[in-house]
Structures are given as C-alpha cells and as structure tokens.
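A.B. asks:
Chains as they are written, first to last, in the numbering used here: chain A, 588 to 978; chain B, -7 to 441.
Take a look at the structure:
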C-alpha cells in the first residue's frame, strides 16, 4: 500500500516533475520505508553487505534510549524533590516527557530542516548523520534552555559545524557538542550555575516567588554533584557513589545515569558500531589523571568516582566514539581516547570554575585527531620506505 | 621447507550455490571472443580482419607499444566479427570455431636450454606472455623488466571459486613444465603459495623448482597480492610477476606439446545457477554455451567471482584470466523496512548490527541489491578488518580519490590491485565504489609515471 503511494507520487518528484527540486527529500522519505531497488554497478563488487548507515545509526540511537528514558523520569524526580511535591512515578515521567518533547522537536525540525535544505541545494541524498546528533543534543543541554537559544545552537552546529565542511562525514567537530559549546559560550548565564539542571528551578528562583505556593525545599540541591564535589568533595553534595551510578541526581537529561549509559555502551560494543578501544582508553586516561590528582594531593575524590560524575560516561560512550570526528586509525584511537579521559579530569581538577571538562576535552581532541592519525599513518609510510632501503 | 603464514583478517563470503566437484558440461567451442579489455592499459593493434581463417595460436592483435606481444585465437575457425566501441576502441575479436581444432604447431626447445631472453621470445610469439601479470598495477608483464620474483597462488579463496585441487588434478605434469619455464625468467625464484591446512595432502606440494609458502586464513588470503605483501612486499622501483595457477598449466601444455591450448575447467556457480558444477571450456567461451547453468529471469552473469568479476551478460564471453562464472539474481526490488528489520534473516551482514554473525555456516542467496544508498565515508574500522595487509586502506582510498600521487605511493598503491580491496567494497556501509576508486588511482599512477 505504502509502495503504491510512493510509486504514485514519484513522477512528481522525478526529473521533469512539478516538484523535482524536492527530489532529495522524496528520496529520503522513500528510502526510510523501503531499501531502494538500486543494484550494484557492473565494474565493482556485485554483491554487497546488507548493512547500511541507516542501520548503524539507528543502533546508536537505540543505545541512547535507556539514558533518555531514565533522564525523563529523573527530570520529574528532581523537580518533585526540589519543590517537595511528593509525586508518584507516572507524574514524574509525565513531567519529564512534557519537558523533553519540545527540545526534541526543535532539535530535529531545525537540524533536519537544514540538512534537507542543503542536500537539496547540492542535489545529494539526505545523509542520516543528523539522526544521531539530533538525538544527543536534548540529552546534553539544560532542560530549561530557552527554545530559541536551542534553535540557534542547533543551526550553528549544523551549518558551521557540518555543512560548511561538506556535510556528514566531513566535519571536524562533533556537531552535538558544538551545539552545547555554542550555548555555553554564548549564553553562559543559562548554561552554568547551580540551578539550571533541575526543571523549573531557575525560573522559580528568578521570579523570587516560590512555585505554585510550594516552597523550594533546598535550592542548593539543584547543583550537580560535580560542581559540589569540585568545591567540597562528594559527601558534601549529599550524594553517594551509588546515587551517581544510578543517576538520580541533577544534571543534563542523558548524562546522569551511568548504568543506563553502560547499557548503551554494551549495545554499541556488541554491535561493533562504536570503538571499544576509545571507550577503554578514555576510562584509563581518566583513572590515570584521577589517581595522579589524589596522589599529588590536588583532590580527595578517588579516581574511580570521577568516572561516575558529570558527563564523563556519556561523553566517552556516545560522543568520543563518533567515527567521523574521532581518530581513524586503530592505534590512534588508543591515544585519542586516553587523552580525552586525561584532559577531562585535568580540567575538573584544576578549574573549579568550570567543573565539566568532558565537552572541551572531546572538542579539543576532535581537533587533534587528524594530527594523531597523521603520525600513526606516517609510521606506516616510514616503515614502507625503510623496507625499500634495506632490501 | 616452507614457512607458514596465518592471516586473521578477511571474510569468506557465505554465498549459496557452490559448485559440486563434478564436470557436468564439456563445451565444444562454437563462438569465442578475445577481449583486449581484459588487459589493463593495453592499446591493441588488430592483425586480422573479418572472414580471415585462423588456427588456435594465430595472432589476432598485438600490443601497440611492444609489437612482439601478440594475443592469439584459442580455437581454429574464422574471424566472425570485430566489435568496436566508442571512438572505435577495440572491444572484442570474435572467432567462429570450425570444430577442427587445428592449432599452430610451435617448435619448443627444452626449458632448461633457454635463457631469459629465449624464454621471453618463445612466450611472446606463442601468445602466452599475457598470462604473466605484473605488480605494481596488475598490467601484463613488461618483457624488458627484471622481476624480483614470480608468484603463483595455489589456493583459491574467492567466493565460489574453482577448487584447484579438483580442476587441475590432471594437469600436474603441465604445471611442473610451466613452473620450469617460468623459472627461466627470474633470478628470484618462482614462489607457490598453498593452503596450510591441506598442504601435506595437496597434489601441488610435490612440485619442484618452486619456493613453497603456506597460508591460512579467510579470503583474500588466496589473493596473490596479499601473499606477496607477506612474503616479500613490493617497494618503489621493484617489479614482481604473477601468474594464475590455471594459466601455469596452459604455459606448461605449450612447453610439452607446442600448441596454444587454453582449455580449462571452470566453476559455474552462484545462487542463481542451476545445478552449479564445473564445465570444461576454452578461454573466451560464449556464455550462450553455458546457458543451461543459468536460471530464468533477470539474472546477472559474471565472468569471474562476485567480488571483482565483470558482468558480461548472457551473451558475453569468459574473460582471459577467469576460471569461474558466477550467476546472481538482479536485486532490483524494494525491500520494505529492510534496514529496520531486527533480524533480516535472508540477508548476510558481517557487521554485528544484524544477528547474521550468530548463524554460523548458513549460506545466503545473495543478489545484486546495493542494500542502501551511497554516502560519504563514515565508519573507519570496517575496511581494516578485511584487508590482511600492512596498509591503511581508508587513507589509501582517500589518496586515490584526491589523486595525490605522492600519498598513493607512500600508502602502498604499488601493492594492491582492485581484487585485493574488493572485500572493503563489499563491507562498506556507505556503499562506496572502492574498487573503482582504486582503479582510477592506478590508472592515474600509470599515466603520470
């Protein structure tokens, strides 16, 4: 039935049709429902593996679903805690759901809109890359971020971060992180501080009037454990390592629950979609610097607790492993991951004003990934030259 | 004594329709074709015209650059047609066989009495020289060059490939004679690679005058390019020659009997093959004569294997170097929700994104559907896993794409030809035409050097 529908409207979008300029969009929708009838070309491989980018990217999205679901509940839970509402489970979920849906709408409408438009302009097929970026963005921004800001950030990330380089596969920086970095540096008042990570809290505080007559029970509990810990140590934040692992703490929607992220990591590693080498080496790098920090007396936080805090786990699993912006060589991946982990914790230890190092660590290493690869590949080139000389 | 080399990377394609070890068709040649396009970079000069009568071993065309290098008719008969393409490019010389099997009789001295020059001349005038390919680039060997060594792969790991142990079991004497002849051409020795698992029982392990190597691993472990990379990699300025084992037998038959005899046993296999088995044919046989093997309907007939063969169609002809024909259904259908289907059990994927990797030895009736749209390079670790060479494939492909000669040279363009990277194209989730990219890279290198 759906096939008939597409067959019927295809002439309109094909060359010569009324809407032929919308060909890329038609193609994107059609290939969403149907794997196309295109056959392999005569000069190449006659059979092809049935995996394609749609499949790989949908797996990445699926891997983030546990973190999203937990995040939705946690939004409601945090809100209920802070305002002393004593909500039940479904109320919390509903609150989180209502909060997160507009963010997703904005992220996908703006992002995909630009992707479609630029594919149309270039006459390309629409690439699926933004499905993942668009899914990540709402998970890493404060839930109360004004919608127009988010729209601008998404537009910036897609246009400047991706399309100017030639689109999916050509970008230097992870687009989702770029959106977050854009927000962070352009609108710092909305992106940092103690109150932004609990839905409704900053508004209530700014208004000076308690929300709906209820008392803000403990405004400070809106602060993430990370910003507390960076100042006073974990126990002062009133949370335990177990809370961090579980994730019922304030923070960006997707990043709080390490256990949900681990489920995602398991999916990514088992399907081979993301590099386990990057995940492993990033953890090693973080542990190493975390250990140096305690050994050198810079911090009292044991190094393993660093892994549970803030955006480290989410960044390591879902963003450092982005195959486009990470190192491309297997050896390079070890170096790249290690440096991300190490840099993230270094920022945390030495910059209490900005306790979340993951975003900048990844963006910085995205920048240097080609350099790492260059040296790894050069070693291969040198080996080849040396071979020529010795023979 | 021979060394054993184990390769882990690669993939044996689980494609259905393997040929039974049985010769079910002995094809008496009717219409055959010799195709200059089988030889990379060849500019042919036609030596016959339509209506000329020829014998097996009569030159049909020669290389314009090296006129001594001739390409001969595999059968006796008359020149039926000279097929030309755009810009009068010579595509095929078709011979209608007369069934008499007359052959030009050559006077062949003993191999041991010939030096390199003598052997070269003999092979050139007999039309057998094109059996020798050269690396870098996979062109016909340059008779003037000094090859570092000659490499022969005695294991065929290509998907549905002919089993040499079966197809060449009666040709051991000819292969030995061929090896002796090749031995006169190089100081570096003739290297033969065999499958490590079946080495001791192999009929080829008793051949003499060769340096034996043992390889183990999935395809492309049987590709001579991969083997060279592990035995003695090609460096800048070096040249090695390669010969396919069935063609060694052809050279050997010439050395023994003095005739140009390209008879070979080929595998006709594939998911769309009816009763896949072996057939005895001459080079350039018309696919029409093999039609009994092909299923009805929209079917692609490939001369060679499914990874890097040439689609010649039901009317086409077997290529000079090929010893197999693969038959596939054309995949020109829409598959609803294909990529969303969690199982998709009828299609194979090496990627763990589908559960196919859990299914063990299941074989799949693969077709020619692209299974997706073309996208930019995105995944970076898939190519590495199917290329068992000390090469960074992605970087090499990108160097080829940008036409950067220095980079291509540095990253190992001399060591690969299309068939070595064919699996990279198979696994590519972005559906990029990698063999085409490498082909263009090689052509650019040849033009600029």
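Even for Gly, the Cβ is constructed at its ideal location relative to N, Cα and C.
Could you please give me the residues that DSSP links to residue 204 of chain B through a beta bridge?
C.D. replies: Paired residue(s): B/184.
A.B. asks: Enumerated in chain order, which unbroken segments of the alpha helix (DSSP H) with a length of 4 residues or greater are wholly contained in the segment 662 to 742 of chain A?
C.D. replies: Counting only runs of 4 or more, we get 676 to 709, 716 to 727.
A.B. asks: Which same chain residues, not among the five before or five after residue 755 of chain A, have their C-beta less than 6 Å away from its C-beta?
C.D. replies: Closer than 6 Å at the Cβ level, and outside the excluded window around residue 755 of chain A, lie 714, 716.
A.B. asks: So, is residue 424 of chain B buried or exposed, given that buried needs 16 or more other C-beta atoms within 10 angstroms?
C.D. replies: Burial call: buried.
A.B. asks: Would you grab the beta carbon distance between residue 950 of chain A and residue 764 of chain A for me? Rounded to a whole angstrom, and I think it's under 8 Å.
C.D. replies: 6 Å between Cβ atoms; contact.
A.B. asks: From residue 85 of chain B to residue 422 of chain B, what does the alpha carbon distance come to, in whole angstroms?
C.D. replies: Answer to the nearest angstrom: the Cα atoms are 38 Å apart.
A.B. asks: Let me confirm a value: residue 758 of chain A is counted as buried when at least 16 other C-beta atoms fall within 10 Å, else exposed. Which label applies?
C.D. replies: Looking at its Cβ environment, which holds 16 or more other Cβ atoms inside 10 Å, residue 758 of chain A is buried.
A.B. asks: I'd like the span of the alpha helix (DSSP H) that includes residue 170 of chain B, first residue to last.
C.D. replies: Run containing residue 170 of chain B: 164 to 175, per the alpha helix (DSSP H) assignment.
A.B. asks: With DSSP run on the structure shown, which of helix, strand or coil describes residue 840 of chain A?
C.D. replies: Coil.
A.B. asks: Can you give me the Cβ contacts of residue 27 of chain B inside the same chain, cut-off strictly under 6 Å, excluding the 5 residues immediately before and after it?
C.D. replies: Contacts found: 84.
A.B. asks: Looking at residue 146 of chain B: is its Cβ nearer than 7 Å to the Cβ of residue 239 of chain B?
C.D. replies: Contact: no.
A.B. asks: Please work out which residues of its chain come closer than 7 Å, Cβ to Cβ, to residue 680 of chain A, disregarding the five sequence neighbours upstream and downstream, and give them in chain order.
C.D. replies: Around residue 680 of chain A: 659, 660, 663.
A.B. asks: Return the residues of the segment 915 to 934 of chain A that lie within a Cβ-Cβ distance of less than 9 Å from chain B, sorted by chain order.
C.D. replies: The segment 915 to 934 of chain A vs chain B, Cβ under 9 Å: 915, 916, 917, 920.
A.B. asks: Are any of the Cβ atoms in chain B nearer than 7 Å to that of residue 611 of chain A?
C.D. replies: Not one chain B Cβ lies under 7 Å of residue 611 of chain A.
A.B. asks: Quick one, which residues of the segment 354 to 376 of chain B are near chain A if we go by CB-CB under 8 Å, in chain order?
C.D. replies: Answer in chain order: 358, 359, 360, 361, 362, 363, 364, 365, 366, 367, 368, 369, 370, 371, 372, 373, 376.
A.B. asks: Is it buried or exposed for residue 64 of chain B, if we count other Cβ within 10 angstroms and need 16 for buried?
C.D. replies: The residue in question, residue 64 of chain B, is buried, as its Cβ has 16 or more Cβ neighbours within 10 Å.
A.B. asks: When the Cα atoms are used, what is the spatial distance from residue 805 of chain A to residue 665 of chain A?
C.D. replies: Any reading at residue 805 of chain A must be qualified, since the residue scores a pLDDT of 41, below 50, and its modelled position is unreliable; the value itself is stated next. If I take the Cα positions, the gap works out to 11 Å.
A.B. asks: Are the segment 614 to 623 of chain A and the segment 267 to 283 of chain B in contact at 8 Å, needing three or more beta carbon pairs?
C.D. replies: No, the segment 614 to 623 of chain A is not in contact with the segment 267 to 283 of chain B.
A.B. asks: If we ignore side chains and look at the alpha-carbon of each, how far apart do residue 643 of chain A and residue 943 of chain A end up?
C.D. replies: Going by the C-alpha atoms only, they are around 29 Å apart.
A.B. asks: I'd like to confirm the pairing. Which residues does DSSP put opposite residue 320 of chain B in its beta bridges?
C.D. replies: The partner list for residue 320 of chain B (beta bridge, DSSP) reads B/292.
A.B. asks: Between residue 427 of chain B and chain A, is there a C-beta pair that is closer than 7 Å?
C.D. replies: Yes - at least one Cβ of chain A is within 7 Å of the one on residue 427 of chain B.
A.B. asks: Can you check whether the C-beta of residue 711 of chain A is within less than 7 Å of a C-beta belonging to chain B?
C.D. replies: False, the Cβ-Cβ gap to chain B never drops below 7 Å.
A.B. asks: Taking the C-alpha atoms as reference points, what is the distance between residue 1 of chain B and residue 341 of chain B?
C.D. replies: Straight-line Cα distance between these residues: approximately 16 Å.
A.B. asks: Can you check the segment 374 to 433 of chain B for any alpha helix (DSSP H) of at least 4 residues that lies completely inside it and give the ranges in chain order?
C.D. replies: DSSP runs (the alpha helix (DSSP H)) wholly in the segment 374 to 433 of chain B: 385 to 394, 397 to 403, 410 to 419.
A.B. asks: Between the Cα of residue 670 of chain A and those of A/628, A/935, A/957, A/785, spot the shortest distance and give me the residue it belongs to.
C.D. replies: The shortest C-alpha separation from residue 670 of chain A is found at A/785.
A.B. asks: With distances taken Cα to Cα, identify the nearest neighbour of residue 440 of chain B among B/5, B/224, B/400.
C.D. replies: Measuring from the Cα of residue 440 of chain B, the nearest candidate turns out to be B/400.
A.B. asks: What is the C-beta distance between residue 723 of chain A and residue 905 of chain A, in whole angstroms, given that I count them as a contact (C-beta under 8 Å)?
C.D. replies: Right, their Cβ atoms sit about 6 Å apart.
A.B. asks: Of the choices B/152, B/144, B/270, whose alpha-carbon is the least far from that of residue 174 of chain B?
C.D. replies: Of B/152, B/144, B/270, the residue nearest in Cα terms is B/144.
A.B. asks: Apply the 10 Å Cβ neighbour rule to residue 96 of chain B and answer buried if 16 or more other Cβ atoms are within range, or exposed otherwise.
C.D. replies: It counts as buried.
A.B. asks: Between which two residues does the beta strand (DSSP E) containing residue 144 of chain B stretch?
C.D. replies: Where residue 144 of chain B is concerned, the enclosing beta strand (DSSP E) stretches over 142 to 145.
A.B. asks: Residue 138 of chain B: which of B/230, B/164, B/67 sits nearest, CA to CA?
C.D. replies: It is B/230 whose Cα lies nearest to the Cα of residue 138 of chain B.
A.B. asks: Whole angstroms are fine: how far does the CA of residue 30 of chain B sit from the CA of residue 123 of chain B?
C.D. replies: Near 11 Å, if we compare the C-alpha coordinates of residue 30 of chain B and residue 123 of chain B.
A.B. asks: List the endpoints of the continuous alpha helix (DSSP H) containing residue 891 of chain A.
C.D. replies: First-last of the alpha helix (DSSP H) with residue 891 of chain A: 890 to 895.
A.B. asks: If I follow the unbroken alpha helix (DSSP H) through residue 867 of chain A, where does it start and stop?
C.D. replies: Element bounds for residue 867 of chain A: 863 to 882.
A.B. asks: If we define contact as Cβ-Cβ less than 7 Å, is residue 621 of chain A a contact residue for chain B?
C.D. replies: Yes, because at least one Cβ of chain B sits closer than 7 Å to the Cβ of residue 621 of chain A.
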